[in-house]
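So the structure is just underneath, and the comments pick up after that.
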Amino acid sequence: MRESSLRRLLSALRECERAAPGEDLFPRMLSALSTVVETDVVAYKVLDLRAGQVEQHPWPPVALPAELARNFTRLFSQHPFLASPGWPGGHDCPLRLSDLVTRQQWHSLDIYHEFYRPLGVEYQMMGVLGVQHGMLTGIGLNRVDSDFTDADLQLLEVALPHLSALLRAAHATAWLESALAALDALDDTAHGVLLLGPHATVKVANRLAHVLLTAHFPGRVRDGGPLPEEITAWLAAHRRTPEPGGPVPDYTVEHGGRRLTVRLVPYHSHGALLLSESTPPLSARESDVLRLVAGGRTSEGIARTLEISPRTVEKHLTNIYAKLGVTNRTEAAMRVFGRSP
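Numbering (full-length UniProt numbering), first residue to last: 1 to 341.
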């Protein structure tokens with residue numbers, strides 16, 4: 001394998017790593033791979049082996065005629081790659097179509113006549129990225145005029161584990177971000193959640209975690225940025241003197257009568273922080289006022305219901321805001337009842 005080919009492959013993998021969070025990795029990955037191995041069309045394939053369904057994501061993007069798409073779905077099970085002993089997932093190395101069948105055998109298949117021949121595809125190379133829960137994911141490269149060489153096969157063999165790792169990382173990140181988005185969508189989420197990155201940094205955190213950290217520590221904590229120095233020191237102290245088999249003592253800090261508790265949930269060399277805040281309890285009358293606020297009552301309406309003056313209602317609200325660390329009715333109602341008035 002030539003050094004220039006390996007350099008192209010390394011450059012292509014680096015290009016894949018530049019994908020932004022949330023970006024669809026397939027187009028970038030397929031485009032990068034097409035710069036390494038000469039191909040007319042390269043496609044990321046997802047085969048549902050139990051349901052007999054297939055998805056294709058080609059590069060460059062092409063819109064298949066509806067009839068051809070139906071033909072492929074109907075006939076893909078007779079493809080030589082799928083009919084090969086050991087599939088799905090039994091081949092650790094990529095294969096060429098010509099490694100499995102002769103051209104005469106290829107041309108005798110219905111899938112060739114009803115799908116590949118109209119597209120002009122004569123030569124293919126396929127590599128498996130993974131098989132999980134009956135779903136096979138792989139990459140297929142297609143040519144019109146010439147077969148893939150041994151060097152092409154070696155390049156794809158070297159590339160596959162790196163591409164597979166990139167996809168797993170992208171899927172894991174997307175799953176974590178989706179979980180955090182779901183937490184943010186719950187109005188009554190009780191905890192801030194922060195996933196730790198390397199070197200005491202913030203990998204990603206939900207909205208409440210940002211709010212709590214901003215309220216208790218100077219400066220703004222950003223995703224990808226460092227943790228507050230106090231929390232960094234707490235984590236470092238735990239790593240220096242861990243308690244065998246025991247839980248990590250919580251970190252607590254008080255600010256303006258509000259107590260923040262930070263709990264470490266370790267997971268191998270990574271982990272997460274759970275943040276929660278306790279506030280001074282409301283008096284019985286303050287609780288009555290806030291309950292009516294959450295029900296949408298105005299100060300005048302609350303005053304009539306509780307038989308107190310509107311000025312007294314406003315005084316209670318001022319005390320409520322101070323205790324809860326909020327600035328208005330909506331925030332107070334959300335903090336206690338998980339809903340806005």
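Cβ coordinates follow ideal geometry from the N, Cα and C atoms, glycine included.
8 angstroms CB neighbourhood of residue i in its chain, flanking five on each side removed
i, result
"Asn328", "Tyr321"
"Leu25", "Cys16, Ala19, Leu166, Leu167, Ala170"
"Val36", "Ser5, Arg8, Leu9, Ala12, Leu155, Ala159"
"Pro266", "Val248"
"Glu314", "Ser299"
Burial state of residue i, where buried means 16 or more other Cβ atoms lie within 10 Å
i, result
"residue 346", "Nothing in the structure corresponds to residue 346, since the chain is present only between 1 and 341."
"Pro102", "The residue asked about is misnamed: residue 102 is Thr in this sequence, not Pro. Exposed is the call here."
"Met311", "First, the amino acid is wrong: residue 311 is Arg here, not Met. Result: exposed."
"residue 344", "As displayed, the chain neither begins before 1 nor continues past 341, which places residue 344 out of reach and without an answer."
"residue 344", "Residue 344 falls outside the range modelled here, since the chain spans only 1 to 341, and no answer is possible."
"His316", "buried"
"Pro94", "buried"
"Gly138", "buried"
"Pro228", "buried"
"Val62", "exposed"
"Ala12", "buried"
"Val144", "exposed"
"Gly130", "exposed"
"His199", "exposed"
"Leu163", "buried"
"Ala172", "exposed"
Beta-carbon proximity list for residue i, same chain, < 6 angstroms, skipping 5 on both sides
i, result
"Val42", "Leu30, Leu33, Ser34, Trp59, Leu141"
"Glu300", "Pro310"
"Phe72", "Phe115"
"Leu100", "Pro80, Ser84"
"Ser98", "Asp147"
8 angstroms contact criterion, which residue i and residue j should meet: CB distance rounded
i, j, result
"Leu82", "Met125", "So it is not a contact: roughly 15 angstroms between Cβ atoms."
"Leu292", "Glu277", "Rounded, the Cβ-Cβ distance is 24 angstroms, inconsistent with contact."
"Lys45", "Gln56", "6 angstroms"
"Ala333", "Ala303", "No, Ala333 and Ala303 are not in contact; Cβ-Cβ is about 18 angstroms, not under 8 angstroms."
"Arg96", "Leu160", "Their Cβ separation, rounded to whole angstroms, is 14 angstroms, which puts Arg96 and Leu160 out of contact at 8 angstroms."
"Leu275", "Gly219", "Not confirmed; about 16 angstroms, so no contact."
"Ala151", "Ser5", "7 angstroms"
"Phe115", "Leu75", "7 angstroms"
"Val253", "His210", "In fact, because the Cβ distance is near 16 angstroms, the residues do not count as touching under 8 angstroms."
Closest residue to residue i among the options (Cα-Cα distance)
i, options, result
"His133", "Cys93, Gln56, Trp175, Ala51", "Ala51"
"Arg8", "Val158, His113, Leu64", "Val158"
"Glu122", "Trp106, Gly130, Val262", "Trp106"
"Ala233", "Ala205, Lys323, Val262, Arg258", "Val262"
"Asn319", "Leu109, Leu163, Ser287", "Ser287"
"Leu306", "Arg239, Ala284, Pro249", "Ala284"
"Leu195", "Leu290, Ser164, Gly219, Gly224", "Gly224"
"Thr201", "Arg222, Leu160, Leu208, Glu314", "Arg222"
"Ala272", "Asp250, Glu23, His162", "Asp250"
"Leu264", "Arg2, Arg239, His255, Leu64", "Arg239"
"His255", "Leu282, Gly296, Arg207, Lys323", "Lys323"
"Ser146", "Thr330, Gly120, Lys203", "Gly120"
"Leu235", "Gly325, Ala69, Gly197, Ile111", "Gly197"
"Gly325", "Gln104, Arg297, Thr173, Leu282", "Leu282"
"Val289", "Val253, Leu208, Arg258, Pro341", "Pro341"
Contact set for residue i: own chain, Cβ-Cβ below 7 angstroms, skip 5 residues either direction
i, result
"Leu109", "Gln78"
Suppose only complete runs of 4+ residues qualify. What are the alpha helix (DSSP H) ranges in the stretch 42-90, listed by chain order? 66-75, 80-83
If we require 4 or more residues per run, which alpha helix (DSSP H) segments fall completely within the stretch 201-263? 207-216, 229-240
Complete alpha helix (DSSP H) runs within the stretch 265-295 (minimum length 4 residues, chain order): 284-294
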